[in-house]
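Enquirer: FYI, the numbering for the sequence shown is 1 to 358, going by the numbering used here.
For every residue, glycine included, the Cβ atom is placed at its ideal position computed from N, Cα and C.
After the structure tokens below, expect a handful of questions from me.
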Amino acid sequence: AESSICRRRTLLNYFGEIYHEKNCGSCDNCLQPKEKFEGNEYICLLIEAVLATKQLFKSKHVINVLMGKSSTTIKNCKHHLLEVFGKGADNDEKFWNAVLRQSLVERLLEKEIEEYGTIKVTKAGKEYLDKPYSIKMSKDHDYTNPSEGDVLAGGGQKTSATDKVLFALLKDLRKEIARKNNLPPFVIFQDPSLEDMAIQYPIKLEEMKQITGVGSGKADRFGKPFVELIARYVEENEIVRPMDMVVRSVINKSGLKVYIIQNIDRKVSLEDIATAKGIDFEELLHELESIVASGTKIDIRYYVNEVIDIDKQDEIFDYFNTAETDSYLDALKELGEDDFTEEEVRLIRIRFLSEMGN
């Protein structure tokens, strides 16, 4: 089972806010409703299990009791003797985690972060147990079908390793931050960065700086709400992070990138920089794009002012200021390939991302 609730509603719940609309019109759950079934029986059983274990345990323990899984803790607490023990054995852990998420968003259960994530039954939860009402759950999508499971809000594609629920929440958060800052979403973080966050689960700013396309500047400027969301998501879903399992080595700064940045600071011609390092201009543009995507600020106005007319600069800059994506190919198509070159569009995009995002 999966939670059928609006992802925007779930996102705001992580930050203690309530979203009253049933359909946001933008997330995958609202745009592509899944087949639903009545969930009140399962929610009541979960609430009963939390109460039976005296509201002293984290979700994994409660779910293990429901599924009839024995452990040293369960035996020591004599929870294998409880009436609810094994009552949920017909469904797997993924199913019960979905029931838990739905119950948390409905405010029937709450997770006490200060008490290490123990699950408590709210007043509303106790009332629900006495007088249950309809709450719909969703059947799992068939993720072996390529037409399902890969489409998220905005139609973005993701890799199979990506946590699809977290990825959707991060996209919603990015959209909200972009709206508040009056910036295009891709200026905050690009999709590959969000995908890597949904794989690595960074919960500290220092960890955020290790994410693809995120450097110190971008992490410091935009990272805080993202790591807060991820930290709470990891806590509530008891996720073991890849970062917890490996010791990451400090990534050495690329000598080429350092050379490029230093020479841009000296206002050396980009052609001269490329020639000095034995690379072509296309390779240099790629390195510049990588530098600004990671959050490092560079000022190439001294160069673009010499090679691109000011009016053309303004037109390209204005395009990216209102664009949905930062694709230079889309920009070139929209602006007109007869009037602009790929090189011009990429140079101004580099300037735009550096000035607006870093």
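Check residue 109 in the structure and name its three-state DSSP category.
Expert: Against the sequence shown, residue 109 aligns to sequence position 109. In the structure shown, residue 109 sits in a strand (DSSP, three-state: E or B).
Enquirer: How close, in whole Å, do the beta carbons of residue 79 and residue 53 come, if the pair is a contact with beta carbons under 8 Å?
Expert: The residue labelled residue 79 in the question sits at position 79 within the sequence shown. The residue labelled residue 53 in the question sits at position 53 within the sequence shown. The Cβ separation is near 6 Å, so the contact holds.
Enquirer: Please classify residue 126 as buried or exposed, where buried requires at least 16 other C-beta atoms within 10 Å of its C-beta.
Expert: To locate residue 126, count along the sequence shown from 1; it is residue 126. The residue is exposed, with fewer than 16 neighbouring Cβ atoms inside 10 Å.
Enquirer: Tell me where the beta strand (DSSP E) around residue 35 begins and ends.
Expert: Taking the sequence shown and counting its residues from 1, one reaches residue 35 at position 35. First-last for residue 35: undefined, no H or E at that position.
Enquirer: I'd like to check one pair, residue 36 with residue 137: are the Cβ atoms closer than 8 Å?
Expert: Taking the first residue of the sequence shown as 1, we reach residue 137 at position 137. Taking the first residue of the sequence shown as 1, we reach residue 36 at position 36. Cβ distance < 8 Å, so residue 137 and residue 36 count as in contact.
Enquirer: Give me the Cβ distance between residue 298 and residue 273, rounded to the nearest whole Å; I'm assuming they're in contact under 8 Å.
Expert: Mapped onto the sequence shown, residue 298 falls at position 298. Mapped onto the sequence shown, residue 273 falls at position 273. Actually they do not touch by this definition, with Cβ atoms about 12 Å apart.
Enquirer: Output needed for residue 204: all residues of its chain with C-beta closer than 7 Å, excluding positions within five of it in sequence on either side, in chain order.
Expert: Translated into positions along the sequence shown, residue 204 becomes position 204. The residues are 227.
Enquirer: Check whether the Cβ atoms of residue 112 and residue 135 sit closer than 8 Å, and answer yes or no.
Expert: As a working mapping, residue 112 is identified with position 112 in the sequence shown. As a working mapping, residue 135 is identified with position 135 in the sequence shown. No, these two residues do not count as a Cβ contact at 8 Å.
Enquirer: Determine the DSSP secondary structure at residue 120, reduced to helix, strand or coil.
Expert: Residue 120 sits at position 120 when you count from the first residue of the sequence shown. In the structure shown, residue 120 sits in a strand (DSSP, three-state: E or B).
Enquirer: So the candidates are 109, 220, 287, 169; which of them puts its Cα closest to the Cα of residue 57?
Expert: Taking the sequence shown and counting its residues from 1, one reaches residue 57 at position 57. Answer by Cα proximity: 109.
Enquirer: Assuming residue 288 and residue 233 are in contact, meaning their beta carbons sit under 8 Å apart, how far apart are those beta carbons, in whole angstroms?
Expert: Counting from 1 along the sequence shown, the entry for residue 288 is found at position 288. Counting from 1 along the sequence shown, the entry for residue 233 is found at position 233. No, residue 288 and residue 233 are not in contact; Cβ-Cβ is about 34 Å, not under 8 Å.
Enquirer: Check the C-beta distance from residue 349 over to residue 326 and give it rounded, since I have them as a contact under 8 Å.
Expert: Reading the sequence shown from its first residue, position 349 is the one you call residue 349. Reading the sequence shown from its first residue, position 326 is the one you call residue 326. Yes, they are in contact, since the Cβ atoms of residue 349 and residue 326 sit about 6 Å apart, within 8 Å.
Enquirer: Per DSSP, residue 58 forms a beta bridge with which residues?
Expert: Walking along the sequence shown from the start, residue 58 turns up at place 58. DSSP output for residue 58 lists 118 as bridge partner(s).
Enquirer: What residues in its chain sit with their C-beta under 8 Å from that of residue 133, if we drop five residues either side in the sequence?
Expert: Residue mapping note: residue 133 aligns to position 133 of the sequence shown, counting from 1. Only 40 meet the Cβ criterion.
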